[in-house]
Amino acid sequence: MIFRILEDQLKQKHRASEEADHRFMQLAVTLGRRGLGRTWPNPAVGAVVVKDGVIIGRGWTQPGGRPHAEPVALNRADGEARGATLYVTLEPCSHFGKSPPCVDAIIAAGIARVVAAVGDPNPEVAGQGYARLRAAGIAVDTGLLAAEAARDHAGHFRRIRDRRPHVISKLAVSADDKIALAGRKPLAITGEAARTRVHLLRAQCDAILVGIGTVLADDPLLTCRLPGMEARSPVRVVLDASLRLPGDSRLLHSARKTPLWVIASELAEAQAAARLGAAGAQVIRIPPKKGPGLDLPAVLHALADKGITRLLVEGGSRVASSFVAADLVDEVWLLRGSNTVGPDGIAALDALPLTSITQSPIFRVRASEALEKDELTIFERA
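Under the numbering used here, residues 1 to 382 are what the sequence shown spells out, in order.
So this is what it looks like as structure tokens:
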């Protein structure tokens, strides 16, 4: 009887410990998301320092990627971290970059245990962070909330493994799967709640991309226009092989305030590039391909080389279709309005049916929610 009581007490203690680990790691994940869209080329990491069940330090990767989450959390612990547990969403770095290794700060602070969600595939880390912590006598547990953390670090992982950003395609479609009126005339398909959600997504991405057709038709601004979050607007990227971007476009007029990158063919006229450069845009040239348009893998490689990890593709239909056809889309945000446009409207994916996403074995539904009269469905790679 006594042994059973002791066994039950041990199980309860273990269960309580697991629940606490889960709670603190969930906080670290939430904190890490504060940096999404602001830390590139570094990942947006979250960290929490806990001692005797009490949070004594919190941190997340700061804008520009430094300082990292771990030293921020340790500094906020104010010298009380000895013997504490550190919860972190990504394996701590073990190499000298533009800042010292995070493992050195963890060891120096006297942390007794590290709970990390996922390992870092960066060859300069890749298990070496864990190895150095264990060699210093620190207990290391891994894998807690790994799937959730990996989703937030998908851009970092994709850039390291495939030399391209994590690509999110946003599509706002009518009830009959159209995105514009005949003649590619724009119209408001979704309501205010959906538009607010899209602006928040923009703030959480490093860059937003459209084709020159969308610029000529809509003259978009492509910024985050949520109150107080204008500074979190992503880099604006325009695919413009022949450098047709108009001098009076809103994108070009705001280029000195919010970065504007124009991706063009190496064959585009130097005079046009100089004109855009003088207005504050940065022209990125890539090798020409056979046929019209730009080579999308080369576009993504160029963006990754400049540090972009999370790319939001907003259109238009031909650009969205091209990314889907090239199997370069990792995530789809499909916003469906309640009104119809009619048979003369522009199809969401140009020549491709929308079922290329909604019924494709490549994608699965991750989440779905109502936004007033509209519906948001998020697809991710299966």
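Glycine is no exception: its CB is placed at the ideal position from the N, C-alpha and C atoms. If you're wondering where the values come from, they're calculated on a predicted model, not measured in any experiment.
*Any idea what DSSP makes of residue 379, helix, strand or coil?*
strand
*For residue 288, I'd like the list of residues in its chain whose CB is within less than 7 angstroms of its CB, leaving aside the five on either flank, ordered along the chain.*
265, 266, 267
*Can you tell me whether DSSP reads residue 305 as helix, strand or coil?*
Helix, per DSSP.
*By Cβ distance below 8 angstroms, which residues in the same chain neighbour residue 105 in space, the five residues on each side in sequence not counted?*
Excluding five sequence positions before and after residue 105, the CB atoms of its chain that fall closer than 8 angstroms to its own CB belong to 70, 71, 74, given in chain order.
*Buried or exposed: which applies to residue 96, given that a residue is buried once 16 or more other Cβ atoms fall within 10 Å of its Cβ?*
exposed
*Closest Cα partner of residue 115 within the set 27, 36, 151, 185*: It is 27.
*Does the beta-carbon of residue 19 have 16 or more other beta-carbons within 10 angstroms, so that it is buried, or is it exposed?*
The residue is exposed, with fewer than 16 neighbouring Cβ atoms inside 10 Å.
*What did DSSP end up calling residue 78 once you bin it into helix, strand or coil?*
coil
*Identify whether residue 20 lies in helix, strand or coil by the three-state DSSP scheme.*
helix
*Please report the Cβ distance between residue 260 and residue 228, rounded to the nearest whole angstrom; I am assuming they are in contact, meaning their Cβ atoms lie under 8 angstroms.*
The pair is not a contact, with the Cβ atoms about 22 angstroms apart (cut-off 8 angstroms).
_Tell me which residue opens and which closes the alpha helix (DSSP H) that residue 151 is part of._
Annotation for residue 151: the continuous alpha helix (DSSP H) segment containing it runs 146-152.
*Residues bridged to residue 282 [DSSP beta-bridge criterion]*: 261
_For residue 198 and residue 250, what's the separation of their Cα atoms in angstroms?_
19 angstroms
*Beta-carbon proximity list for residue 175, same chain, < 8 angstroms, skipping 5 on both sides*: Correct list, in chain order: 336, 337, 338, 339, 340.
*For residue 54, which option in 29, 24, 79 has the closest C-alpha, if you only look at C-alpha atoms?*
24
*For residue 94 versus residue 128, is the C-beta spacing smaller than 8 angstroms?*
It is a contact, given that the beta carbons lie within the stated cut-off.
_Per-residue DSSP class, three states only, for residue 195_ = helix
*When DSSP builds the beta bridges, which residues end up paired with residue 141?*
115
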